[in-house]
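Numbering of the sequence shown is given in this note's numbering, commencing with residue 33 and proceeding in unit increments. We treat Cβ as the ideally placed atom computed from N, Cα and C, and that holds for glycine. Source: prediction; values computed, not measured. Notes follow once the structure below has been shown.
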Amino acid sequence: NGLPILIKDTIGVKGMRFTEGSQIFSDRIAECDEAVVSTLRRNGATVIGKTNTPEFAAGSHTFNEVFGTTLNPYDTRKTAGGSSGGAAAALAVGQCWLSVGSDLGGSLRTPASFCNVVGLRPSLGTVPRSGEASECPSKDALHSVNGPMARDIRDLTILLDAMQGTEGWSQECIPEGDDAPPSSFFDAIFTANGDIQKRVRDEALRVAFSMDLGRRFRVHPEVSAVLLRAVEKIQQQLQEHPWRSLECLGEDDVRELFLNAGATFLALRGVNFANAHGSYSHRCKPEIQWNVELGRFLSQNPHYIANAERCLYRIRDSAAKLFRSFDVLACPCVMLPPFNADFRYIDLIRFHGGDGHSGMDF
Numbered sequence: 033n034g035l036p037i038l039i040k041d042t043i044g045v046k047g048m049r050f051t052e053g054s055q056i057f058s059d060r061i062a063e064c065d066e067a068v069v070s071t072l073r074r075n076g077a078t079v080i081g082k083t084n085t086p087e088f089a090a091g092s093h094t095f096n097e098v099f100g101t102t103l104n105p106y107d108t109r110k111t112a113g114g115s116s117g118g119a120a121a122a123l124a125v126g127q128c129w130l131s132v133g134s135d136l137g138g139s140l141r142t143p144a145s146f147c148n149v150v151g152l153r154p155s156l157g158t159v160p161r162s163g164e165a166s167e168c169p170s171k172d173a174l175h176s177v178n179g180p181m182a183r184d185i186r187d188l189t190i191l192l193d194a195m196q197g198t199e200g201w202s203q204e205c206i207p208e209g210d211d212a213p214p215s216s217f218f219d220a221i222f223t224a225n226g227d228i229q230k231r232v233r234d235e236a237l238r239v240a241f242s243m244d245l246g247r248r249f250r251v252h253p254e255v256s257a258v259l260l261r262a263v264e265k266i267q268q269q270l271q272e273h274p275w276r277s278l279e280c281l282g283e284d285d286v287r288e289l290f291l292n293a294g295a296t297f298l299a300l301r302g303v304n305f306a307n308a309h310g311s312y313s314h315r316c317k318p319e320i321q322w323n324v325e326l327g328r329f330l331s332q333n334p335h336y337i338a339n340a341e342r343c344l345y346r347i348r349d350s351a352a353k354l355f356r357s358f359d360v361l362a363c364p365c366v367m368l369p370p371f372n373a374d375f376r377y378i379d380l381i382r383f384h385g386g387d388g389h390s391g392m393d394f
């Protein structure tokens, strides 16, 4: 008995195939539940299956040589996103109400956006961590985090409540004091019958909005049009709630926050991939091989890693300063609408005409 859920195939479920989207492990059967699965079972979940992922969760498009490509239910010519694309597509077509994915750099949020569902990347230390129990993750590093996906916010908070736990995290990663999560995310927002609580409706809220994070990204017109309509709707609602505010940030307001963010992510992800998959990367898809080679190069030049770690610390410090003035930073989840499923990934954003690359014209 319990609510049926699906688990992304990067997470071990006892007795089920555990391929991580790789032919290397295509016949592997998990010998035990990972911590997040054990936690969910204790809280009433019934695991009914696994969902597709790109090989070792690498990429924003879900395809692999074990199960093939996950297509977008709204347009089967397009990608469902990644790396939790199977989870998002399953929710969108009604295969389940609740699904568990993971997220390093958008792997819950991108497919949720592409498939019109909801995904949340929880803070470190909120949901049990995957990986070797002997590892002691540092707060000043890049971590993939398990997280909930659902068809709406109410369902998402129910699943997040059932996932809560600190297994696998070092003490420094576990939020405490004012940063500690509520005992129930659902109860913090909703009444028993699912209505938003009055105190939440009446709470002062300061929203910061940025379309392009300080001109660091060009956003597809189709995406910006949707976001601008949402901002207009919020501004209309704020007229009824003068204790709330929305401020559209300028380029200077977020310049420091995202300075060198892309290079920092690539460097630390490369090191992670080299450590996790280096011994068999020659058998993996080219994108993983590239990341592993980058990680190996950086590991031989530790000053590059030190610079990336310093940048990560500065980004977090800048974010903390921003959230002293605002409660929410609203921005596009993805700069593009779903792209063609026959592309491996988008390697170029074209603003004027085509040039043979796998890209999208603006």
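Express the C-alpha separation of residue j and residue i in angstroms, rounding to a whole number.
i	j	result
Asp379	Gly91	12 Å
Leu207	Phe217	Sequence inspection shows Pro at residue 207; the Leu mentioned does not correspond to that position. Near 15 Å, if we compare the C-alpha coordinates of Phe217 and Pro207.
Leu140	Met181	7 Å
Asn104	Leu278	33 Å
Asp116	Val366	For clarity, residue 116 is Ser in the given sequence; the question names Asp instead. Going from the Cα of Ser116 to the Cα of Val366 covers about 14 Å.
Phe88	Phe95	11 Å
Lys46	Glu325	33 Å
Leu270	Ile347	30 Å
Leu354	Arg287	11 Å
Gly137	Asp234	33 Å
Gln429	Leu192	The question about residue 429 has no answer here: the residues shown for the chain are numbered 33 through 394.
Ile37	Leu123	10 Å
Met48	Arg276	48 Å
Arg186	His309	37 Å
Trp201	Glu272	43 Å
Ala362	Asp349	18 Å
Phe290	Asn372	28 Å
Leu174	Asn323	14 Å
Ala340	Asn333	12 Å
Val125	Leu330	42 Å
Arg315	Pro274	58 Å
Glu63	Ile43	12 Å
Tyr377	Leu368	12 Å
Gly81	Leu281	43 Å
Phe99	His93	13 Å
Ser215	Ala240	27 Å
Gln321	Phe297	17 Å
Asp227	Phe375	42 Å
Glu52	Glu319	15 Å
Val263	Asp65	42 Å
Let me check one thing: in DSSP terms, what residues is residue i bridge-paired to?
i	result
Gly133	Gly179
Phe241	Cys280 and Ala362
Leu103	Thr111
Arg49	Ile61
Ile378	Paired residues: none, contrary to the question.
Phe355	For Phe355, which the question treats as bridged, DSSP gives no partner whatsoever.
Ile56	Beta-bridge pairing links Ile56 to no other residue.
Our contact map puts residue i next to residue j with C-beta atoms below 8 Å; I'd like the distance itself, whole angstroms only.
i	j	result
Val68	Pro160	4 Å
Pro154	Gly114	Not a contact, Cβ separation roughly 19 Å.
Phe358	Arg238	5 Å
Gly118	Lys40	7 Å
Lys171	Glu199	The Cβ separation is near 17 Å, so there is no contact.
Met243	Leu72	The pair is not a contact, with the Cβ atoms about 37 Å apart (cut-off 8 Å).
Ile56	Tyr312	6 Å
Ser176	Ser134	5 Å
First and last residue of the alpha helix (DSSP H) that includes residue i?
i	result
Glu319	Pro318 to Ser331
Val149	Run containing Val149: none; DSSP gives neither H nor E here.
His93	Where His93 is concerned, there is no enclosing alpha helix (DSSP H), given that its DSSP letter is neither H nor E.
Asp187	Ile185 to Met195
Asp234	Taken as a continuous stretch (DSSP letters only), Asp234 belongs to no alpha helix (DSSP H), as it is neither H nor E.
Gly302	Ala293 to His309
Arg161	From DSSP, Arg161 is part of no alpha helix (DSSP H); its letter is neither H nor E.
Val68	Ala67 to Arg74
Ala373	Note, Ala373: premise wrong, no alpha helix (DSSP H); not H, not E.
Ala119	Gly117 to Ala124
Ser215	Unbroken run through Ser215: none, as it is neither H nor E.
Lys265	Pro253 to Leu270
Alpha carbons only, please: which of the options is nearest the one belonging to residue i?
i	options	result
Gly327	Lys317, Arg315 and Asn307	Asn307
Tyr106	Lys82, Ala340, Asn148 and Gly118	Asn148
Leu245	Pro274, Glu283, Ala194 and Val150	Glu283
Ile337	Gly76, Leu361, Glu319 and Ala299	Ala299
Leu152	Glu272, Thr189, Phe222 and Ser202	Thr189
Gly76	Leu130, Glu264, Arg109 and Arg301	Leu130
Asp184	Asp210, Ala120, Ser176 and Pro213	Ala120
Leu344	Ser215, Gly226, Gly294 and Asp211	Gly294
Leu35	Ala240, Gln127, Asp59 and Gly302	Gln127
Lys317	Ser54, Thr42 and Phe50	Ser54
Arg261	Pro364, Gly81 and Glu97	Pro364
Val255	Arg109, Phe146 and Asp65	Phe146
Asp285	Glu97, Ala351 and Thr296	Ala351
Ile221	Val232, Ala212, Pro213 and Asp211	Val232
Starting from residue i, trace the beta strand (DSSP E) in both directions and tell me its first and last residue.
i	result
Ala77	Ala77 to Thr83
Pro36	Leu35 to Lys40
Lys110	Asp107 to Thr111
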